[in-house]
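Residue numbers for the sequence shown follow the numbering used here, beginning at 9 and rising by one.
Where is the CB? At the ideal position from N, CA and C, for every residue including glycine.
It should be emphasised that the depicted structure is a prediction, and the values quoted were computed from it without experimental measurement.
Contents: one structure, followed by commentary.
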Amino acid sequence: MSTYPLVKFAFEVDWGGTKVGFQEVSGLNVEAALIEYRHGASPDFSKIKMPGMKSFSNITLKRGTFKSDNEYFDWFQSIQLSTVERRSITISLLDETGAPAVTWKVKNAFPLKLQSTDLKAEGNEVAIETLEIAHEGLTIENN
9 MSTYPLVKFA
19 FEVDWGGTKV
29 GFQEVSGLNV
39 EAALIEYRHG
49 ASPDFSKIKM
59 PGMKSFSNIT
69 LKRGTFKSDN
79 EYFDWFQSIQ
89 LSTVERRSIT
99 ISLLDETGAP
109 AVTWKVKNAF
119 PLKLQSTDLK
129 AEGNEVAIET
139 LEIAHEGLTI
149 ENN
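Now the structure itself:
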């Protein structure tokens, strides 16, 4: 067992499209809503607190823009009225051998927002495209 924490720059994303490296993943959050309750005959002058429904943040995926690769846009185009192509997504933090050490499994994901790269004549950066996705559940597994 390693005595050092895992580094956050070694990860991979299986998003149902071509396997390419991603620059950044953010929004791996899970939160429980707070329910406060007090009945009228309570002798306490305060409410009790209970955990409520869970909610999940939208996830943002950033990657380089590649020639002849339109997969983000193609997935976004699957939105028609109230239907969309939903996908299971797996995000893995890798250990020093390249094996998954922590895995986030995302359920029923679909695209919400597609942001193409900004353009700058004097820039010296890689063109990055960003996809924001919504989903219906996130589980975390230690491998």
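query, result
"CB contact flag (G29, R95, <8 Å)", "no"
"Boundaries of the beta strand (DSSP E) in which W112 is found, first to last residue", "108 to 123"
"Between the CA atoms of A49 and G106 - distance to the nearest angstrom", "59 Å"
"Nearest-angstrom Cα separation, counted from L127 out to K121", "19 Å"
"Nearest candidate by alpha-carbon position, reference S63, set D103, S54, V114", "V114"
"At least 3 beta-carbon pairs within less than 8 Å: the segment 15 to 29 vs the segment 71 to 88", "yes"
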